[in-house]
Structures are given as structure tokens and as C-alpha cells.
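Colleague:
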Amino acid sequence: MVRLQPFDVDGRRVIGVEVALPKTKLLVLTTDKGYIMCGALDVKLLNEKLAERRILAGRAVGVRSLEDLLEAPLESVTLEAERIGICPGMTGREALLKMA
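Put into C-alpha cells, the structure is as follows:
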């Protein structure tokens, strides 16, 4: 099952996507410029194999819901995210505000 949920993050619109898979969930919060995702996100792949796309993204691990993802600290971020001031340890909310 796929669930879409809009979020208001300090006056900015963010779309949450939850994909229920056998024994796990994929969780994503996205703006029109970038996104944060659960531990399934491969930041190394984005930085090395897809660098020319300049993808703005971050990864949080140990999250179980979209709300968790919003408040969790980011474990890793893409090089493009670092360029705009997003860094590991920043909450999902803080990162999304920089992506808005």
C-alpha cells in the first residue's frame, strides 16, 4: 500500500510518502527541490554514480513513521545537500526547511 500525506513544516508544504513493503516501509518527505528518506536511501550511490544530477537528499536511520523522519537526525547527506548547509546530525525538519 502507498500512502501520501501533506505536512506543513513551518508554513512550507512537504509531501510524505509511505510505501508498505513486506517486513519494512519506505519513508520519504519531499519538497520540490529535494527529499529526506529512511535508511533505504543509498547516499553513496547518489554522490558517486549520480553526481551529475546534483541530488539534494538526506538519510535518517531507525525511523518507523513519517513523523519520526521529520524529527530524526540525519545520518548522512548528499554532497549537494552539504553545499546548501545541510549536514549530518541536523533534524529532518531543519533539512526540509533548507530545501523549501
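Numbering (the working numbering), first residue to last: 1463 to 1562.
Built from N, CA and C at the ideal position, the CB exists for glycine as well.
These numbers were taken from a predicted model, which means no experiment stands behind them.
For my contact list, residue 1543 and residue 1493 are in at a C-beta cut-off of 8 Å; report their separation, rounded to the angstrom.
Modeller: So it is not a contact: roughly 12 Å between Cβ atoms.
Colleague: Any heavy atom of the ligand FAD within a distance shorter than 7 Å of the CB on residue 1489?
Modeller: In the structure shown, the ligand FAD is absent, as is every other ligand, since no ligand is present at all.
Colleague: Beta strand (DSSP E) containing residue 1544: first to last residue?
Modeller: Here residue 1544 belongs to no beta strand (DSSP E); instead the alpha helix (DSSP H) covers 1541–1545.
Colleague: Rounded to the nearest angstrom, how far is the Cβ of residue 1533 from that of residue 1555, given a contact under 8 Å?
Modeller: Right, their Cβ atoms sit about 6 Å apart.
Colleague: Which of the three DSSP states, helix, strand or coil, is assigned to residue 1523?
Modeller: Correct three-state label for residue 1523: coil.
Colleague: Can you round the beta-carbon distance between residue 1541 and residue 1550 to whole angstroms, since I take them to be within the 8 Å contact cut?
Modeller: Contact doesn't hold; Cβ gap of about 12 Å is too wide.
Colleague: Leaving out five residues on either side along the sequence, give the residues of the same chain with a beta carbon under 6 Å from the beta carbon of residue 1490.
Modeller: Answer for residue 1490: 1479, 1497, 1499, listed in chain order.
Colleague: If you run the structure through DSSP and keep just helix, strand and coil, what is residue 1513?
Modeller: Helix.
Colleague: Would you kindly work out how many angstroms separate the C-alpha atoms of residue 1518 and residue 1476, rounded to a whole number?
Modeller: Distance between the alpha carbons of residue 1518 and residue 1476 is about 15 Å.
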